[in-house]
Every structure is written in structure tokens, then in C-alpha cells.
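Numbering-wise, the sequence shown is residues -1 to 424 according to my numbering. Just so it is clear, CB atoms sit at the ideal spot from N, CA and C, and this is done for glycine as well. In this text, all values refer to a predicted model and were calculated from it rather than measured experimentally. I have placed the structure first, in the form of C-alpha cells, so that the comments after it can refer back to it.
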Amino acid sequence: MTTKTMTANGTTQHASMFEAVLARLDVAAKIYGLSPEASLILRSPEKQVRVSLPIVMDNGKVEVFDGYRTVHSTVLGPSKGGIRYAMDVNSDEVNALSAWMSFKCAVANLPYGGAKGGIKCDPKKMSAGELERLTKAYAAAMSDVFGVNKDIPAPDMGTGKKEMAWLLTEYNKITGEHAPGVVTGKPITLGGSRGREAATGRGVMIATLEAMKKTGMNRKSATAAVQGFGNVGSHAVRLLASKEIKIVGISDHTAAFWNEKGFDVEAALRYVQNNNGVLKGFTGGTEISNDELLCGKADVLVPAAIQNVITAEIANKIQAKLIIEGANGPTTAEADKILHDKGIVVVPDILANGGGVTVSYFEWVQNKSGHYWSEDEVNARHDASMEKAFENVWYNAQQYKTSMRLGAYISALKKLEKGIRYRGNY
Ligand code: GLU
């Protein structure tokens, strides 16, 4: 049973994020003809862990934080997925994101299952010391969940290489051996991969170029608006501009800007670097609202911030012809249908933002072999892998006469079903 509520404009909205994932899974399963057994298995995350993390804050007081890790599937390999630090982290969201990781890894052809974790906290309000203690407490509490051939965390919203270094340090301390492959997205000095930091943005760029080829859009005359200027958005902006795509809209959680002549992208990147990491106060364009950014006149829209920003209401007003989902779950299930009916091509998150986990996989391979690759080698392998995944999803969408989102789900379901069948039951 899925719980739905009616919104003001008469469309339905899923009360639970995990249920919204299941709703899409069910649609794809029906089109593809997924076996009831595989469907049952994929509807239930394999493992859900919730921990309480008591931390001594800088003021000497103890605060208790909620930590989560969900392993959705290990059918295709050890589970893989990031750790997010945000105030709205909860078990439902972590479950949804973990399922997406299973599908994302399958779409990207990686030998991984899917997982996701998080801590309910506001990292912007915490000192470096508090964050280090919190991350190490989380690593200790999850030390029997994680493992180099078991469950491999990585960065996600609100975390980066610094947190991954603390996680690795604590995990290695507990297990008593150096296992750099237990976490990806690490600093290069601790065994991280070249190209990992920019990888999700790079994947967005490749997905955009591939989608432009398929839809006959000329990149040299195309314009793009990108929502989000964090790890995904900022690299996407930089890399799209490097391909001569004119960036006309940029934003972060503090401000949104429009410039129909095209932004000086390097200036925006420099501004953010010298302005505490935020765009507020940038003078390279006209300040607009976030909704105006999403609905502005650009050929390509890249939502690369948070989930559920493209609602049914926004979808009705979107002018872009192509949407490339840099964030996880930026489009609601209800908006999907509207976009499809309007003929807008949506390159779904489980394909478009798979560049990050693809280079995470390369990092893990390098850690296992002890042989490290050049940035050019990483990028070349990444681009080839993304292009192949894109082609496969496009093929499935055509073959099953459906959207790219459902085509991506079908690509994943084909592999997962085969894996489930080979493994047998008990
Ligand atoms: N958190 C990223 C994602 O959602 C990366 C996951 C990983 O590298 O394991 O895809």
C-alpha cells in the first residue's frame, strides 16, 4: 500500500520517499515483466541500521545524534553508497536513496549493490572538532556494517574527503589493518582517486552531450541553467562551459542568478571560493528566485541540489527541452508524467549522476591493486563507461517505448533479476 496525499493543484504526492521509489519500480516492473519474486525482494531493503551517537560538543555538553545506514541490495556485489549529513535525514529517505544506489550501480555496470547512510545534523553549524568526533563515532557504530568487500561508504550531501578520511582512520583503528578500499572519495594522499571529486559533475556533462546528440541539439548554440553549486553543480557548470554550452542560470541555497549572455563561469567559481563557499552577493548576473531558475528560458536544466524540487506545479512551467538530473530524486513521481507529456527528455538521476560512483569503483579497484592511475586514464575510463550506460538506457527506453527514467529502471531490473535468479532462494 502506498500512502498518497492530494496537493492544492489536485495532483497526488507520495507521503514517503521510499514509497515514491517503489511506485516507479512498480511501473517499470510492469512494463518489463519483472518476476513477482524479484519484485518482492527489491521492495524490501536487506538491512536497516539505526544508531544513537552521543558526542561531547565544544561547550562541554553531550548531544545525541541519529545515524542511519541502509543496505538495500547485495545481489550484484558489496553494497555501495554515500553518507549524507543534513537535518532532514531519516530512515525513509535513507531507504529510498539506498534503493536508488542499487539501481544506479546496475545501470552503470558496476559490480556493486546499493546502500546509503546519513546522520541527522547540520554540519554548517558544527565545528571541525565536533564533526570529527561525530564521524568517528558513526564509523565505530557502523564498523560491523562496513567492509571493503561488504559495504563501502562514500561522500554525499554535506560530506566530502575530510569526513571520508576520518571514517577510514576510525575503521582501520578498530579492525587493526590498513584497508583503504573500505571508503571511497578519500583524499588522494590517503588512497583517493584522481578525478573522483569532479566525477559526478563530469558524468552530468557526458550525459548532457549524449542527450544532445540523441535529440539533435547543437551544443554550441545551447544554453543551460544549473541548480546547485556544490560538488556536483559547480563541476557540472565548469565542465559544460568547457564544452561551449552557454551557462545562463546558476544557484545555490543562498541565491539564484540569471545572465542570458552567459556567465563568466571562472569568475563565479572564484567568487564562491572567496565567499565562504556561497553565491550570495555575486554580481555577474541578475538575482532571481529558485523557481524562476528552474522555469527560465534555457535549453537544458540541470537540477543538482536536492530532491523533490521539480514538483507537478514547476513541471507545468518548465521551458527546458532537456533535464539532466545531477541530484538524487530532484523530480517527483507526479512531475514525471507532466514532463513526459510535454515531450521533455529527462536523463534520470540513476544514470546522469552515476559518474561519482563509477569513479568510486575505480578508486576501490586502485586500492585493491595498489596501482594508481593518472587523471586522464580515470577520465577516459569514466567517459567510456557513462557513454555505454547512456546507450543502454536509451536503447531500453526505445525498445519499451517509454521514458529514459523507466528505461534506466528496466536496465537495472534486467541485471538485478538475473542476479536474483542465479543466486537461488532458501
Ligand atoms: N553519494 C554519491 C551518489 O549518490 C556517490 C556514491 C559513491 O560514490 O559510492 O551517487
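- Task: For W256, name the three-state secondary structure that DSSP assigns.
- Result: strand
- Query: If G111 and V73 are in contact, beta carbons under 8 angstroms, what's the gap, nearest whole angstrom?
  - Reply: 6 angstroms
- Task: Check whether the Cβ of K148 sits closer than 7 angstroms to any heavy atom of ligand 1, and report yes or no.
- Result: no
- Is A97 helix, strand or coil when you go by DSSP? helix
- Message: Which residue wins for smallest C-alpha separation from R403, given the options Y370, D347, M155, V246?
- Response: D347
- Task: Would you identify the three-state DSSP class for D64, choosing helix, strand or coil?
- Result: strand
- Message: Can you give me the C-alpha to C-alpha distance between K171 and G189, rounded to a whole angstrom?
- Response: 16 angstroms
- Would you call the segment 384 to 401 and the segment 12 to 24 touching, i.e. three or more CB-CB distances under 8 angstroms? no
- Message: If distances are taken between C-alpha atoms only, which option among Y424, L411, G158 comes closest to I29?
- Response: L411
- Task: Pull up the distance between the alpha-carbon of M4 and that of M85, whole angstroms please.
- Result: Residue placement at M4 is poorly supported in this model, since its pLDDT is 41, which falls under 50; the coordinates still yield a value, given next. Their Cα atoms are separated by approximately 26 angstroms.
- Would the beta-carbon of P153 be found less than 7 angstroms away from any heavy atom of ligand 3? With respect to ligand 3, the structure shown offers nothing to examine, as its ligands consist of ligand 1.
- Query: So, using beta-carbon positions, are S383 and A26 closer together than 8 angstroms?
  - Reply: no
- Query: Is S37 near ligand 1, with its Cβ less than 7 angstroms from a heavy atom?
  - Reply: no
- Message: For F388 and L337, which I take to be in contact (beta-carbon distance under 8 angstroms), what is that distance rounded to the nearest angstrom?
- Response: F388 to L337, Cβ: 18 angstroms. No contact.
- Message: Between which residues of its own chain and K244 is the CB-CB distance below 6 angstroms, once the five residues before and five after are set aside?
- Response: T221, G260
- Would DSSP call K78 helix, strand or coil? strand
- Query: When DSSP labels each residue in this structure, what does K278 get in the three-state scheme?
  - Reply: coil
- Query: Just curious, the beta strand (DSSP E) that P52 is in, first and last residue?
  - Reply: 45 to 54
- Task: Please go through the same chain and pick out, in chain order, the residues whose beta-carbon is closer than 6 angstroms to the beta-carbon of N306, but skip the five residues on each side of it.
- Result: T330
- Item | Complete runs of the alpha helix (DSSP H) confined to the segment 121 to 205 [at least 4 residues] | 126 to 139, 159 to 173
- With a 10 Å radius around its C-beta and 16 neighbouring C-beta atoms as the bar for buried, classify E264 as buried or exposed. exposed
- Considering only residues of the same chain and omitting the five flanking positions on each side of V355, which have a CB-CB separation below 8 angstroms? K78, G79, M99, K102, C103, A106, L108, Y110, A152
- Task: With a 10 Å radius around its C-beta and 16 neighbouring C-beta atoms as the bar for buried, classify K134 as buried or exposed.
- Result: buried
- Cβ separation of N365 and G179, assumed to be a contact under 8 angstroms, to the nearest whole Å: 4 angstroms
- Query: By Cβ distance, which residues of its chain are closer than 8 angstroms to I304, with the 5 residues on each side in sequence left out?
  - Reply: M155, G226, A325, P328
- Message: Classify V87: buried if its beta carbon has 16 or more other beta carbons within 10 angstroms, exposed otherwise.
- Response: buried
- Query: Can you tell me whether A137 is buried or exposed, with buried defined as 16 or more other CB within 10 angstroms of its CB?
  - Reply: buried
- Message: So for K413, helix, strand or coil by DSSP?
- Response: helix
- Query: With a cut-off of 8 angstroms, do at least 3 Cβ pairs link the segment 208 to 221 to the segment 306 to 317?
  - Reply: no
- Comparing alpha-carbon positions, which option in S401, G294, A296, A254 lies nearest K278? A254
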